[in-house]
Amino acid sequence: MAHCTISTISAFRDNYIWCIHDDSTAVIVDPGDATPVLRFLEDNNLDLEAALVTHHHPDHVGGIQTLGTNFPNLRVIGSPESRFGGIKEQVREGDSVIAGGNSFSVIDVPGHTLDHIAFVLSNEESTHLFCGDTLFSAGCGRLFEGTAKQMHDSLRKLQNLPAETQIYCAHEYTLSNLDFALSLMPNNKDLQDYHNQCTLKRENNESTIPTTLSQELKINPFLRESDPEIIDNLQTLNYKALSEAEDRFAAIRHAKDNA
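Each residue of the sequence shown is one higher than the one before, counting from 1186 in my numbering.
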């Protein structure tokens, strides 16, 4: 991994657009809105080389056409399954793509959408995961197209990354996710502490992202479907057939959707 900085660009009400850059060249992840991206690039005197697309939803791709007008050689990199028509370079699981002097590996993570992929930037010292709407802090994406099994399998893939992986998701959903997590794990001390930390950050208008995989393994109910406290509380909510991990995951997702 070349020397680079990962900067946050806020968009809409709660979106995060990630910019991986050195002193001259930038790669952007999920630019749903061109305006804040162009402002950031101008303020930092950066040339935009590539846009990495995790999935086709408008709040992740809506700015690409305008960015392409401003940067005619813009590379738009995404899944061959994407319903977004602007993909110029197709990548799938197992591929690596060089952009901005860095190598990003690709993981297929269907669930939120069927075309969803994630990008991993890593070296011997650090790992950075750009996962769109697959894994959030204390949560995961809604199942708009995929099945619970697909999302469960996708999250299991992400759990195989190094524990200290920095997770760059695309939304500031942390506090609402933590409130739900506490309803299933009210006695989880790590969760209580993290809720307090994130509440303070948001009161100070600070981002709670990136999080780390090690943190999420402690507090994210979608990564803890075998936690006895979660199972007990799902049973209290009248969820049945909880013997399999996938079924417990589906119950947690259903409970969150109806919270």
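The beta carbon of each residue, even a glycine, is placed where N, CA and C say it ideally should be.
Taking just the CA atoms, how far does residue j sit from residue i?
i       : j       : result
Ile1202 : Ile1194 : 5 Å
Gly1263 : His1240 : 8 Å
Asn1229 : Pro1221 : 12 Å
Thr1254 : Ala1426 : 53 Å
Phe1304 : Asn1423 : 38 Å
Asp1378 : Ser1288 : 35 Å
Leu1306 : Glu1388 : 31 Å
Thr1397 : His1206 : 21 Å
Leu1385 : Lys1403 : 19 Å
Arg1409 : Leu1299 : 24 Å
Ile1416 : Phe1321 : 21 Å
Ala1219 : Ala1284 : 19 Å
Leu1512 : His1188 : There is no way to answer for residue 1512, as the model of the chain reaches only from 1186 to 1444.
Asp1442 : Asn1258 : 41 Å
His1439 : Glu1401 : 20 Å
Arg1341 : Pro1395 : 19 Å
Ala1236 : Gly1279 : 19 Å
Cys1204 : Ile1213 : 5 Å
Asp1432 : Ser1209 : 48 Å
Gln1275 : Gln1250 : 17 Å
Ile1191 : Leu1346 : 19 Å
Ala1430 : Leu1367 : 20 Å
Ala1444 : Thr1359 : 15 Å
Ser1339 : Phe1329 : 15 Å
Thr1421 : Leu1376 : 20 Å
Return the Cβ separation of residue i and residue j in integer angstroms, given the expectation that the two are a contact with Cβ distance under 8 Å.
i       : j       : result
Ala1211 : Leu1226 : 6 Å
Ala1323 : Asn1362 : 4 Å
Arg1167 : Pro1265 : This structure cannot settle anything about residue 1167, because the visible part of the chain is limited to 1186 through 1444.
Glu1357 : Ser1399 : That belief does not hold up - the Cβ atoms of Glu1357 and Ser1399 are roughly 21 Å apart, past 8 Å.
Ile1319 : His1301 : Looking at the sequence itself, residue 1319 is Thr, so the reference to Ile does not match. Contact flag correct, Cβ pair sits at about 6 Å.
His1297 : Gly1326 : 3 Å
Ala1435 : Ala1333 : 4 Å
In terms of residues, what are the limits of the alpha helix (DSSP H) holding residue i?
i       : result
Asn1418 : Pro1413 to Thr1421
Phe1329 : Where Phe1329 is concerned, there is no enclosing alpha helix (DSSP H), given that its DSSP letter is neither H nor E.
Phe1225 : Ala1219 to Asp1228
His1313 : Counting along the chain, His1313 falls outside any alpha helix (DSSP H), though it belongs to the beta strand (DSSP E) covering Thr1312 to Gly1317.
Phe1434 : Ala1430 to Asp1442
Asn1381 : Lys1374 to Glu1388
Let me make sure I understand the geometry here. Which of the options has the alpha-carbon closest to that of residue i?
i       : options                               : result
Asn1308 : Arg1268, Ser1290 and Ala1219          : Ser1290
Ile1272 : Ala1436, Lys1342, Ser1192 and Val1238 : Val1238
Phe1365 : Ala1235, Phe1197, Asp1208 and Phe1407 : Phe1407
Leu1369 : Thr1359, Ser1339 and Pro1413          : Pro1413
Ala1196 : Asp1232, His1245, Asp1208 and Ser1267 : His1245
Pro1243 : Cys1325, Arg1268, Phe1256 and Asn1258 : Arg1268
Asn1405 : Leu1231, Gln1344 and Gly1217          : Gln1344
Arg1260 : Asp1293, Asp1215 and Leu1419          : Asp1215
Note the first and the last residue of the continuous beta strand (DSSP E) segment covering residue i.
i       : result
Tyr1353 : Gln1351 to Cys1354
Ile1292 : Asn1287 to Asp1293
Thr1251 : Premise fails: Thr1251 lies in the alpha helix (DSSP H), Ile1249 to Asn1255, not in any beta strand (DSSP E).
Flag this pair as touching only if the region 1351-1358 and the region 1306-1322 have three or more C-beta atom pairs under 8 Å; answer yes or no.
yes
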